[in-house]
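**Q** Residue numbers (this note's numbering): 108 to 721.
Yeah, the Cβ is synthetic: ideal placement off N, Cα and C, and Gly gets one too.
Just so it is clear, the structure is predicted and the values come from calculations on it, not from any experiment.
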Ligand SMILES: Nc1nc2c(ncn2[C@@H]2O[C@H](COP(=O)(O)OP(=O)(O)OP(=O)(O)O)[C@@H](O)[C@H]2O)c(=O)[nH]1
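1. With a CB to CB cut of under 6 Å and the five nearest residues on each side skipped, what residues in its chain are close to residue 230?
2. Please determine, among 117, 226 and 113, the residue with the shortest C-alpha to C-alpha distance to residue 133.
3. So does the segment 440-449 actually touch the segment 534-552, counting three or more Cβ pairs closer than 8 Å?
4. Any idea which residues DSSP pairs residue 414 with across the strands?
5. Reducing DSSP to helix, strand and coil, say where residue 127 ends up.
6. Output needed for residue 570: all residues of its chain with C-beta closer than 6 Å, excluding positions within five of it in sequence on either side, in chain order.
7. CA-CA distance, residue 256 and residue 243?
8. How about residue 134: is its Cβ closer than 7 Å to a heavy atom in ligand 1?
9. Tell me where the beta strand (DSSP E) around residue 392 begins and ends.
10. Counting Cβ pairs, one atom from each stretch, are 3 or more of them under 8 Å apart for the segment 176-194 and the segment 370-383?
11. Let me know the beta strand (DSSP E) ranges lying completely inside the segment 547-596, each 3 residues or longer, listed in chain order.
12. List the endpoints of the continuous beta strand (DSSP E) containing residue 298.
13. Are the CB atoms of residue 289 and residue 277 within a distance shorter than 8 Å?
14. Would you check whether ligand 1 has a heavy atom nearer than 7 Å to the C-beta of residue 137?
15. With a threshold of 7 Å (Cβ to nearest heavy atom), would residue 249 be considered close to ligand 1?
16. Here's the rule I'm using: 16 or more other beta-carbon atoms within 10 Å means buried, otherwise exposed. How should residue 192 be labelled?
17. Would you be able to state if there are at least three C-beta pairs under 8 Å between the segment 381-392 and the segment 449-458?
18. Under 6 Å Cβ to Cβ from residue 238, same chain only, skipping five residues before and after it: list those, please.
19. Helix, strand or coil: which one does DSSP assign to residue 119?
20. Should residue 124 go down as buried or exposed, given a rule of 16 or more other Cβ atoms within 10 Å for buried?
21. For the beta strand (DSSP E) that contains residue 189, what are its first and last residues?
22. Taking residue 649 as part of the beta strand (DSSP E), name the residues at either end of that continuous run.
23. Leaving out five residues before and five after residue 590 in sequence, what residues of the same chain have Cβ atoms less than 7 Å from its Cβ?
24. Beta carbon of residue 280: closer than 7 Å to some heavy atom of ligand 1?
25. Are the CB atoms of residue 534 and residue 562 nearer to each other than 8 Å?
26. What are the residues that DSSP puts in a beta bridge with residue 493?
27. Report the option in 468, 403, 351 and 323 whose CA atom is closest to the CA atom of residue 314.
28. How about residue 472 and residue 491: are their beta carbons less than 8 Å apart?
29. What does the alpha-carbon distance come out to for the pair residue 731 and residue 474?
30. Is it true that the CB of residue 632 sits closer than 8 Å to the CB of residue 663?
31. Say whether the segment 595-609 touches the segment 625-640, bearing in mind that this needs 3 or more beta-carbon pairs closer than 8 Å, one atom from each stretch.
32. So, using beta-carbon positions, are residue 481 and residue 427 closer together than 8 Å?
33. Could you give the uninterrupted runs of the alpha helix (DSSP H) lying entirely in the segment 286-352, keeping only those of 4 residues or more?
34. Where does residue 447 land, buried or exposed, given buried means 16+ other C-beta within 10 angstroms?
35. Using a Cβ-based criterion (distance less than 7 Å to any ligand heavy atom), does residue 277 qualify as near ligand 1?
36. Could you pull out every residue in the same chain whose Cβ sits closer than 7 Å to the Cβ of residue 331, ignoring the five residues on either side in sequence?
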């Protein structure tokens, strides 16, 4: 097929690639929906609650996790039809890495700020990412319909904190539809058209990919230079593998086949790529017979912050879990894993996550989409350890921490946390940070009422529900952003948990010396509750090295769950028995002791400062 390059150049001038970035809940998805509606990309009837958040999990949790790209056509007031590629981005702090991936595919960003909440931590973090990517930023003040909206104050905040001109901010309400027309016109006038030579060899960035059981791997790409057509042989530059293109197209919002994708386009390519491992997000696609010289610079690779062991309840499902992780990783470049074995749990994987929300999402997806039953061990951060013989080791599994006598120093990751909060709550915020081993850095006034409090905090203390604690101690007014800054020595110890005299590797955790005694006692009493009585007495001990810090016994004999019920109520009795049966599936035989999944969660929840028995 011959393409008319002049026509394509004309078309390129009418393309606008942009993202919407915002703090969580400021209205990105609702704005995206309004844009889709107004451009008739989707009829009202077809519109589910929110189209772009299309994963079940996202809808249930009401958060955007995965990015999505859609193409839409907009007939502007100048009479021309423009092609918009809208790339959705997540708002939760765990997923800021995904934001930078989507921004790499754009020329502009709509920076959405809630008119009542004002600039928050992720507003800033995302605005900086947009600036780093040289994007044109269009400020949008949303929710002006709210009685508490203060658009003028928010404009000032944007100017002061981000340093961009906010006078011409679009004032809108995604709820009522006010401002949507202006928004569409401003996308045309303010977001630059993509540049990129159509005559040059193909250069396209893979910014996401999904596995489809019929078509193989589907690559989401932003074409930077050249053109790609069905029948072309593409090469993935990182591994030099070649594939014949079977389909190209765009999402609008369903897949729509096209004859070609050209420089400036955001769309998908399928090429019967069967192995998930061949495609890497951030890689460059070119043509095998006319390759480009240099790959595009990908983007910063995500680094996991939290690690946990994932084990199938049924050991025979190990391969299934492996395959499921492979598939999941394709859609989730931030996910890292490697095989590990546990004496207690058998074969499984050490998995690296961006945060606990990411961990929950991954576990839920593995269980729901791949029908696996899993045990997750207590999450850990990565520790840098210097041993007495001078070796440096990185430990992300507490069970692997060398013996205390062999350790010279343990360094743990510290973050610089920026907490934005109305000044009335500065006290509670500082109290919380202090309690979490934080070190005060500085405090700035953003305006008359709002303060940016900066603390240095151990990542270990942040990952366990710091965010929830922060929300409750500030009535929901605080927002948080953090970045790992460095590793510093801390007085950390490994707590072993022994059942029946045997240390259970999957229950070990690392804790600061000052919190160790209490944590040990709490865990032991929690385990005593959740471990069912067995045919023999089971001692539970918490120990640091050889020193036992807490101990309890689970008495012998099996608890009969129906004992308390008098005869009559049959259904209630059945229900209980069923519940017990259900619970049993999640029992893991460790040595001679049956340990329920709850035991592993108990360790996690106590570390998170929660009691899950309620
Ligand atoms: N009153 C009012 N509410 C709005 C407006 N825009 C969005 N909302 C509501 O604000 C909440 C959050 O909106 P979303 O669009 O889900 O926010 P988001 O920024 O996409 O959130 P994430 O996808 O989790 O990052 C929802 O309950 C919306 O109905 C608006 O203009 N006015």
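**A** Reading from the atomic positions:
1. Excluding residues within five positions, the ones whose Cβ falls inside 6 Å are 130 and 220.
2. The residue from 117, 226 and 113 with its alpha-carbon nearest to that of residue 133 is 226.
3. With a cut-off of 8 Å, the segment 534-552 and the segment 440-449 do not count as touching, because too few Cβ pairs lie within range.
4. According to DSSP, residue pairing for residue 414 in a beta bridge involves 459 and 487.
5. In the displayed model, residue 127 falls within a strand according to three-state DSSP.
6. So the qualifying residues of the chain are 413 and 463.
7. Going by the C-alpha atoms only, they are around 25 Å apart.
8. Residue 134 Cβ: within cutoff of ligand 1.
9. Where residue 392 is concerned, the enclosing beta strand (DSSP E) starts and stops at 391-394.
10. Contact holds between the segment 176-194 and the segment 370-383, because three or more Cβ pairs, one in each stretch, are under 8 Å apart.
11. Runs found: 557-565 and 586-596.
12. Unbroken run through residue 298: none, as it is neither H nor E.
13. A distance below 8 Å separates the beta carbons of residue 277 and residue 289.
14. Checking every heavy atom of ligand 1 against the Cβ of residue 137, one is found closer than 7 Å.
15. Residue 249 Cβ: within cutoff of ligand 1.
16. Residue 192 is buried by the Cβ-count criterion.
17. In this structure the segment 449-458 does not lie against the segment 381-392, because fewer than three pairs of beta carbons, one per stretch, are closer than 8 Å.
18. Closer than 6 Å at Cβ, skipping near neighbours: no residue.
19. It is helical.
20. Flag for residue 124 reads buried.
21. Element bounds for residue 189: 188-194.
22. It spans 645-651 - the beta strand (DSSP E) in which residue 649 sits, taken as one unbroken run.
23. Answer for residue 590: 522 and 523, listed in chain order.
24. Residue 280 Cβ: within cutoff of ligand 1.
25. Not in contact: residue 534 and residue 562 (Cβ atoms no closer than 8 Å).
26. Secondary-structure assignment with DSSP links residue 493 through a beta bridge to 499 and 516.
27. Closest option to residue 314, judged by alpha-carbon separation, among 468, 403, 351 and 323: 403.
28. Against a cut-off of 8 Å, the Cβ pair of residue 491 and residue 472 comes out as no contact.
29. The structure shown does not extend to residue 731, since the chain is modelled only from 108 through 721, so no value can be given for it.
30. Cβ atoms of residue 663 and residue 632: not closer than 8 Å.
31. As far as the Cβ criterion goes, the segment 595-609 touches the segment 625-640, which means the pair count is three or higher.
32. The answer is no: Cβ separation not under 8 Å.
33. List check, alpha helix (DSSP H) in window: 287-297.
34. Buried.
35. Not under cutoff, so the answer is no.
36. These residues qualify, in order along the chain: 303, 310, 311, 312, 370 and 403.
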